[in-house]
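These notes are about the structure you will find just below.
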Amino acid sequence: MSTSPYIGRLAPSPTGAQHLGNARTYIAAWLIARSRSGQLLLRIEDLDTPRTKTGADEQILVDLEWLGLDWDWSENLQRFTLQSQRASRYHELLEDLKRRELVYPCICSRTDIENASSAPHESHLDGAVYPGTCAGNDVSDAKQLDSLDKKYAWRFRFSKDENMTWVDEFCGIQSCIPSQVLGDFIVARNYGPIAYQLAVVADDHDSGINHVVRGNDLIYSTYRQIAIYNAFQWQPPIWLHIPLVVGPDGKRLAKRHGDTRISALRSLGWKPESIVGMIAKSLGLLDSERPIPLAELLDLALTNPDWLRKVPTTNVQFNI
Ligand code: GLU
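Numbering (numbering that gives the first Met the number 0), first residue to last: 0 to 319.
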């Protein structure tokens, strides 16, 4: 366990409106941070430019505040961090990885990867496992690709056949051989913004985040992020991956499951206390669903210091 004061974060992506699934993760992250007298920072993950909707930043703040969530200002007195403003830092780190040949240029498209996998198997919610087609490249091979104006990605090379083990504070011990189970992964593209895996590690490290609470769809990304922490010899945070809200088909909550956007529920007349109550019940903090303001839920968590251990370990469904 980390002994420094708790610093956590909320990291919404403005690619779509925030829905009940996001709200549940943020409420869990907020309760864990606040019940440990921790700080909570807000970072808007707006790197995915084509999918980022204009005005979405503001909408995120409105939704979070309406639910009763609050967060702390960063050390440099910003109300939140925007990833799109940190490009030069990400590029500096990418250059460092290149200098040390920890990444290589890869020209494979998604279809190439799917076709090249002789026994295509899913890389745990992330698509096909990268078969290593370009793994023989070294950093200098990018020069030729540049001269031909080719599009390519920078892939991070996992240590071959090495086992990685880490402990999730919610899910327990995690272990796999990432080079076999996940395959080398993209940290940047020469034709777009830096990829999520590198940006998230740079941001969490630079802002002193030592606890990351997020949805369990990212549990396999953690192996990738640990490899990046290790490459820079940075201390990784403690991760807590919380089960997701799923639709009746058991898949992650999405548009096809109906409109569960916070903004839509608000326009239908829902009160924040009702949403918090429904989420509190799903987290095992209330025996039966009833409206409850977030501040009161924190009191409940404080009087039940073991509450996190009782959070159901399976994905949840809401009937609205
Ligand atoms: N921005 C991501 C999301 O909204 C979260 C990434 C993270 O927590 O590391 O799903």
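Built from N, CA and C at the ideal position, the CB exists for glycine as well.
Because the structure is a prediction, the values reported are computed rather than measured.
(1) Could you check where the beta strand (DSSP E) with Arg-23 kicks off and where it finishes?
(2) Three Cβ pairs or more, each shorter than 8 Å: is that satisfied between the stretch 234 to 246 and the stretch 208 to 219?
(3) Quick check on the DSSP output: the alpha helix (DSSP H) that includes Pro-11 runs from which residue to which?
(4) Do you know whose CA, among Ala-86, Arg-289, Trp-29, lies nearest Glu-44's CA?
(5) Is the beta carbon of Leu-96 closer than 8 Å to that of Ala-340?
(6) Express the C-alpha separation of Ile-6 and Asn-229 in angstroms, rounding to a whole number.
(7) Could you check whether the stretch 69 to 79 touches the stretch 108 to 117, counting it as contact only if at least three pairs of C-beta atoms, one from each stretch, sit closer than 8 Å?
(8) Between Val-186, Pro-192, Gly-191, Tyr-190, which has its C-alpha nearest Val-200's C-alpha?
(9) What's the gap between the Cα of Phe-157 and the Cα of Ala-279?
(10) Could you pull out every residue in the same chain whose Cβ sits closer than 7 Å to the Cβ of Tyr-25, ignoring the five residues on either side in sequence?
(11) With burial defined as no fewer than 16 other Cβ atoms inside 10 Å of the residue's Cβ, what is the status of Thr-221: buried or exposed?
(12) Check whether the Cβ atoms of Ile-261 and Leu-40 sit closer than 8 Å, and answer yes or no.
(13) Which class does Leu-92 belong to by DSSP, given the choice of helix, strand or coil?
(14) If I measure Cβ to Cβ from Pro-311 and keep anything under 7 Å in the same chain, skipping five residues before and after, which residues do I get?
(15) What does Met-163 pair with, by DSSP beta-bridge criteria?
(16) Would you check if the distance between the CB atom of Gly-183 and the CB atom of Tyr-129 is smaller than 8 Å?
(17) Does the Cβ of Glu-64 lie closer than 7 Å to at least one heavy atom of ligand 2?
(18) Starting from the Cα of Glu-161, find the closest Cα among Asp-140, Val-180, Leu-81, Leu-293 and give me that residue.
(19) So, at 6 Å on beta carbons, what are the nonlocal neighbours of Gln-173 in its own chain, with the 5 sequence-adjacent residues on each side left out?
The structure says:
(1) Note, Arg-23: premise wrong, no beta strand (DSSP E); alpha helix (DSSP H) at 19 to 34.
(2) Yes, since at least three Cβ pairs between the stretch 234 to 246 and the stretch 208 to 219 fall closer than 8 Å, the two stretches touch.
(3) Premise fails: Pro-11 is in no alpha helix (DSSP H) and is neither H nor E.
(4) Ala-86
(5) What the structure shows of the chain is the stretch from 0 to 319, and residue 340 is not part of that stretch, so it cannot be assessed.
(6) 20 Å
(7) no
(8) Val-186
(9) 39 Å
(10) Leu-9, Leu-63, Leu-68
(11) buried
(12) no
(13) Taken through DSSP and simplified to helix, strand or coil, Leu-92 comes out as helix.
(14) Pro-242, Gly-283
(15) DSSP output for Met-163 lists Cys-175 as bridge partner(s).
(16) Inspection of the sequence shows that residue 183 is occupied by Asp rather than by Gly. Yes; because the gap between Cβ atoms is below 8 Å, this pair is in contact.
(17) Looking at this structure, you won't find ligand 2 anywhere; what it does contain is ligand 1.
(18) Out of Asp-140, Val-180, Leu-81, Leu-293, Val-180 has the C-alpha closest to the C-alpha of Glu-161.
(19) Trp-165, Asp-167
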